[in-house]
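Student:
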Amino acid sequence: MDKLLEVKNLRVSYNTYAGEVQSVRGVDFYLNKGETLAIVGESGCGKTVTSKAIMRLIKKPGEIKEGSEILFKGKDIIKMNSKELQNLKGGDISMIFQDPMTSLNPTMKVGNQIAEGLMNHKGMNKHEALNETLKMLKLVNLSNPEKRINQYPFEFSGGMRQRVMIAIALACNPTILIADEPTTALDVTIQAQIMNLIKNLQKESSAAVILVTHDLGVVANVADRVQVMYGGKILEKGNTEDIFYNSKHPYTFALLQSVPRIDLDHKGLLYSIKGTPPDLIKPPIGCPFASRCTYRMDICCQTMPEVTIISETQSVSCWLQHPLAPKVDLNIALGR
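FYI, the numbering used here numbers position 188 of the sequence shown as 184, with every residue one higher than the one before it.
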């Protein structure tokens, strides 16, 4: 398949009064044309920072460290000049942000905010851009678009604002769409509508999607491939079936066990991961999950495990998968 995006050894840090926070620590992945890649993990694992780095949205005190590469169609985004970046953002790569209320300009009418991108990237005049804006509002199923186009963000509900953000992101037919927690703070019904909307629009436009989320239920329905992040690193990669039915890392198991399931007969407490995430000012030298892992060995705390290839589609960074490691059936251990 054609690789649209390749991220190599991505490292992002934030310089704070307490020290250097190493938010992303050597991340590698790729994105194929037309597919949906999900980046999952708990809050603070580095998934949002990774997505912002792709868009070159890391601002001081943050910085993308030397040696990182983000290749879009073979060209390094990190080395692009301001004009190239302007063409890239919104044109080739668009992003749906986590909180539409803070992402939309409260002083501009919604229609003008969508039209602005069309004028900048497509060379349309104001009249043409507003006509196309009206089509986009209809495309994202926003009720009464002729009225909404002249309203301000505060006049919209949360779900409606998210639809506007999707319209802005897709207006210029981007090659890659990054959706950062697109259903946060929305009720379950609206969440399903928004995800179905993104999925349907993706099919029509053939855009590749990077879905950043902590909601594994969303991932199961829309993703082709999944990568699990923790402590600034990717611990496991695989297609959706690999991750949900043949996961190999204890952290992936724990995430899956902490999600309510309707297909189980017994009722009981959800699995809880004990402990706290690592301090990324002084990140652990070994596996970042070692301090919380029931199955850790001495080597887990001393050395970061190398990537073990499980199959053509799946890989994991875990010492439990080493040929000399004791065999642990995590399915039995976690009662799955």
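Note that CB positions come from ideal geometry on N, CA and C, so glycine has one too.
1) Under 9 angstroms, do Arg52 and Lys229 count as touching if we go by C-beta distance?
2) Between the Cα of Lys56 and the Cα atoms of Pro149, Ser9, Leu27, Ser243, which residue gives the shortest distance?
3) Thinking C-beta only, is Ala34 closer than 9 angstroms to Gln223?
4) Residue range of the alpha helix (DSSP H) that Met161 falls in?
5) Buried or exposed: Leu138, going by 16 or more other Cβ atoms within 10 Å of its Cβ?
6) Are Arg144 and Gly107 close, meaning C-beta to C-beta below 9 angstroms?
7) By the DSSP assignment, the beta strand (DSSP E) with Gly107 in it spans what residues?
8) Please report the straight-line C-alpha distance between Met156 and Ser307, rounded to a whole angstrom.
9) In the DSSP assignment, what residue or residues form a beta bridge with Met91?
10) Expressed to the nearest angstrom, what Euclidean distance is found between the alpha-carbon atoms of Lys85 and Val205?
11) Does DSSP put Phe68 in a helix, in a strand, or in coil?
12) With Asn344 and Thr309 assumed to form a contact (beta carbons below 8 angstroms), what rounded beta-carbon distance in angstroms separates them?
13) Could you round the C-beta distance between Ser243 and Leu231 to whole angstroms and report it? I think they count as a contact, below 8 angstroms.
Tutor: So, from the listed chains and residues:
1) Here residue 52 refers to the residue found at position 56 of the sequence shown. Here residue 229 refers to the residue found at position 233 of the sequence shown. No. Outside cutoff.
2) The residue you call residue 56 lines up with position 60 of the sequence shown. With distances taken between Cα atoms, Lys56 lies closest to Ser9.
3) Locating residue 223 in the sequence shown gives position 227, where the first residue counts as 1. Locating residue 34 in the sequence shown gives position 38, where the first residue counts as 1. Yes, Cβ-Cβ distance for Gln223 and Ala34 is below 9 angstroms.
4) Translated into positions along the sequence shown, residue 161 becomes position 165. Taken as a continuous stretch (DSSP letters only), the alpha helix (DSSP H) holding Met161 covers 154 to 166.
5) To locate residue 138, count along the sequence shown from 1; it is residue 142. Classification of Leu138: buried, given that the 10 Å Cβ count is 16 or more.
6) Residue numbering aside, residue 144 sits at position 148 when the sequence shown is read from its first letter. Residue numbering aside, residue 107 sits at position 111 when the sequence shown is read from its first letter. Yes.
7) Position 111 of the sequence shown holds residue 107. No beta strand (DSSP E) holds Gly107; the alpha helix (DSSP H) holding it covers 106 to 118.
8) On the sequence shown, position 160 is the one that residue 156 refers to. On the sequence shown, position 311 is the one that residue 307 refers to. Whole-angstrom Cα-Cα distance: 42 angstroms.
9) Here residue 91 refers to the residue found at position 95 when the sequence shown is read from its first residue. Met91 is bridged to Ile174.
10) Counted from its first residue, the sequence shown places residue 85 at position 89. Counted from its first residue, the sequence shown places residue 205 at position 209. Cα-Cα distance, rounded: 15 angstroms.
11) Residue mapping note: residue 68 aligns to position 72 of the sequence shown, counting from 1. If DSSP states are grouped into helix, strand and coil, Phe68 belongs with the strands.
12) Nothing can be reported for residue 344: it is not among the residues displayed for the chain, which extend from -3 to 332.
13) In the sequence shown, residue 243 corresponds to position 247, counting from 1. In the sequence shown, residue 231 corresponds to position 235, counting from 1. At roughly 10 angstroms, the Cβ-Cβ gap does not stay under 8 angstroms, so Ser243 and Leu231 are not in contact.
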